[in-house]
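Number of protein chains: 2
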Amino acid sequence: MTEQVGLGPGAPVLAADVGGTETKIGVVDESGHIGPPVRVPTPPGDPDTPTAILKTISEAARDLPGFDRVEAVGVALPGVFDEDREVGVWSENLGWRDVDFGSLVREHFRLPAVCAHDVRAAALAELRLGAARGLRDVAVLTVGTGIAAAIFVDGRPHVRGGYAGEIGHVVVDPAGEPCPCGNRGCLEATASAAAIARRYGKASGEAVTGAREVLERARSGDRAAKMIWSSAVDALASGIAHLSAAMAPQAIVVGGGLSEAGEDLFGPLQVGVDARFRLRPTRLSRARLGEDAGVIGAAIGARECAIPSRGREGGPRP
Amino acid sequence: MTEQVGLGPGAPVLAADVGGTETKIGVVDESGHIGPPVRVPTPPGDPDTPTAILKTISEAARDLPGFDRVEAVGVALPGVFDEDREVGVWSENLGWRDVDFGSLVREHFRLPAVCAHDVRAAALAELRLGAARGLRDVAVLTVGTGIAAAIFVDGRPHVRGGYAGEIGHVVVDPAGEPCPCGNRGCLEATASAAAIARRYGKASGEAVTGAREVLERARSGDRAAKMIWSSAVDALASGIAHLSAAMAPQAIVVGGGLSEAGEDLFGPLQVGVDARFRLRPTRLSRARLGEDAGVIGAAIGARECAIPSRGREGGPRP
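Residue numbers (the numbering used here), protein chains in the order written: chain B, 1 to 318; chain H, 1001 to 1318.
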């Protein structure tokens, strides 16, 4: 976690952030303290994945201090996710379509529960406790394995069936790499942390561990690395400029793995956005809550759906 | 007017749509009938332009049947316009910055009045009476002399200081033509009706009357005309794809002069948008109210600010 945050007093809750490869699970206690989440592998994509994920979460949670007292559950989920119906509309990585996660989670845990999109959960955490604190009109862009924005209008998430903010699937390079959405050269297939590593591997013939290594190679003068890094920053700048012009947000917060590049990303990104949209300055900020933002956002959601009148002294959970 | 519309029973109002070269003025009577607006030249850009515009409107209005009974005034204004403060933030064409039009209009007419952005006024008309009727999440893109979108979220205009929807000022071609915003190769400088005519004139050395003539030449096989038309459609498709991905609107309505090209625009535009964003289908619709949409939208706004308890039998206006 980049910054240590607390949620303040409230119901103890269980929170999980389901990623394409790893699931993070944490318990928030009555004081609002959230310890470092445990990480377990996400079960691979098959028809039973949704149920397997919930089993994985409750098995890992059993060992966490305070689990027996949790009063609500929050789960953040990847892909296209519709919070209004709590339905996982589509996940290419985990292989599901139209899964009613809301009902599954409530049946599994027999507790009040809320399901959210991982990107909007992380964004909610930034809005309440991080880089977007106090703002009402803001876009929080996550650039990690994928690229998506969470958009808040007047403090409320703009969801629209789970499709709002899916700017990662706009084509920026028609001759580019294939994208899980079925298209080619999408922003996500060009500029996500995963795409940067993949594209460099293809261009150089050398496998790298991730975008961080591509950046290090670019810094030491590797031409292919420099070219791929700067084309990724250009593509992101274009996507952000379009978003800024459309929404006129108070700020655009950029998080996810790529944001850890710091000034190597934010310096040229701000220059690129300003060059592409001059009418109104775009305020770019770096996300503050780091990789645990999704768990924190799920915990905030769980806190809000816990039954307020419930005593805090209930016995152990069956 | 492409389609004859009525506003239904209500207060008689005066409505004006101030354009860069021409101002349209109409009176809506108690039955909601709006006749064809009169058109007068907009006074040229100088420090007195705002006052001169109001004089022009009231002089032209004096001859319109029913003017002596109007109970409220609506004025649609170009440039960057902030409805929340009723301030004209910036108009390059008419040379103003930060003009308090709300106060000016109320003082001039001594009536309840509302000032609105021309693009959002036209969009409001499409939302209530035209192509976006019944929709709550919609973008209405006007492609005429300029390019801007009016964005409605949950039925409410998304204004944000007047800057929301200014997608015409995102660069689509860094080597492109200069734009009034100070940048180069903006969507507006590439794909507006005015830009299409200007760019064709420059490429061919032959002056044309407008984008319509460029389209006619493209149809008869003129290479420069075909190239410029299709680059404009591509640029619009890109802007619309970004807007669709960000907002996930129920529809994107396209109006303004260029929309009169009909299928020559909407056919390739839909193909271009779908090629650039496949995750969720983008529903494109053609605006229905034609060039009088701004006046109709201003009249709708005026109707809403008329004092409802006022008698409909008042004497003539001084």
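For each residue, glycine too, the CB sits at the ideal point set by N, CA and C.
Here the structure is a predicted model, which is why all the values come from computation and not from measurement.
Strictly under 9 Å for the Cβ-Cβ distance: is D1137 of chain H near chain B by that measure? yes
Can you find at least 3 beta carbon pairs, one from the region 1179-1196 of chain H and one from the region 1129-1144 of chain H, that sit closer than 8 Å? yes
According to DSSP, is D1098 of chain H helix, strand or coil? strand
S220 of chain B, buried or exposed, once every other Cβ within 10 Å from all chains shown has been counted against 16: exposed
Please confirm whether M1227 of chain H has its beta-carbon closer than 9 Å to some beta-carbon of chain B. no
Can you confirm whether P1268 of chain H, when its beta carbon is compared against all beta carbons of chain B, has any partner nearer than 9 Å? no
From this set, B:A224, B:G74 and B:V295, which residue's C-alpha is nearest K202 of chain B's C-alpha? B:A224
On the criterion of 16 or more Cβ atoms from any shown chain inside 10 Å, does T190 of chain B qualify as buried, or is it exposed? buried
Name the chain B residues that come within less than 8 Å of G1045 of chain H, Cβ to Cβ? In chain order: nothing, as chain B lies at least about 19 Å away.
Please classify E188 of chain B as buried or exposed, where buried requires at least 16 other C-beta atoms within 10 Å of its C-beta. buried
Can you give the Cα-Cα distance for R184 of chain B and V1273 of chain H, rounded to whole angstroms? 14 Å
Would you mind working out which of H:W1090, H:R1160 and H:V1038 sits nearest P1047 of chain H, comparing C-alpha positions? H:W1090
Is the Cβ of C1181 of chain H closer than 9 Å to any Cβ of chain B? yes
Is the beta carbon of A287 of chain B closer than 9 Å to that of R66 of chain B? Checking the sequence shown, residue 66 of chain B turns out to be Gly, not Arg. Not closer than 9 Å, so no.
Counting C-beta neighbours from all protein chains within 10 Å, is the total for S31 of chain B 16 or more, i.e. buried, or is it exposed? exposed
With 16 as the cutoff for other CB atoms within 10 Å, does A1306 of chain H come out buried or exposed? buried
Just to make sure I have the definition right: I need the residues of chain B whose C-beta is within less than 7 Å of the C-beta of A1241 of chain H. Which are they? V170
How is the alpha helix (DSSP H) around L1258 of chain H delimited, first residue to last? That residue, L1258 of chain H, is in no alpha helix (DSSP H); it is neither H nor E in DSSP.
Over the uninterrupted alpha helix (DSSP H) stretch that includes S1231 of chain H, give me the two end residues. R1223 to M1247
In angstroms with no decimal places, state the Cα-to-Cα distance between S309 of chain B and A11 of chain B. Unreliable positioning characterises S309 of chain B in this predicted model, as indicated by a pLDDT of 49, which lies under 50. A coordinate reading is not provided.
Roughly how many whole angstroms lie between the Cα atoms of A1123 of chain H and I300 of chain B? 37 Å
Tell whether a beta-carbon distance below 9 Å holds between I1034 of chain H and I1057 of chain H. no
Buried or exposed for D1017 of chain H, please, with buried defined as at least 16 other CB atoms from any protein chain shown within 10 angstroms of its CB. buried
Below 9 Å between beta carbons: does that hold for H242 of chain B and A1246 of chain H? yes
Specify, as a first and last residue, the run of the alpha helix (DSSP H) that V214 of chain B falls within. A211 to R219
At which residue ranges does the region 1105-1180 of chain H contain complete alpha helix (DSSP H) runs of 4 or more residues, listed in the order of the chain? 1118-1129
What's the call for E313 of chain B, buried or exposed, on a 16-neighbour Cβ count within 10 Å? Because the pLDDT of E313 of chain B is 46, which lies under 50, any placement of that residue in the model is unreliable, and the question is left without a value.
Check whether the region 1106-1117 of chain H and the region 1073-1083 of chain H are in contact - that is, three or more C-beta pairs closer than 8 Å. yes
At the 9 Å Cβ level, is G1161 of chain H part of the contact set with chain B, yes or no? yes
Do you know whose CA, among H:G1079, H:R1039 and H:P1043, lies nearest L1064 of chain H's CA? H:R1039
Backbone secondary structure at V1070 of chain H - three-state DSSP: coil
For a test of the three-state rule: what should DSSP assign to T1190 of chain H, helix, strand or coil? helix
How many Å lie between T2 of chain B and A1302 of chain H at the Cα? Low per-residue confidence applies at T2 of chain B: pLDDT is 44, beneath 50, and the placement is therefore not dependable, though the value from the model is reported in the following sentence. Distance between the alpha carbons of T2 of chain B and A1302 of chain H is about 52 Å.
Member of H:P1009, H:R1280 and H:G1267 whose CA lies at the smallest distance from the CA of R160 of chain B: H:R1280
Residue range of the unbroken alpha helix (DSSP H) whose run includes S31 of chain B: Unbroken run through S31 of chain B: none, as it is neither H nor E.
For R136 of chain B and V254 of chain B, the rounded distance between their alpha carbons: 16 Å
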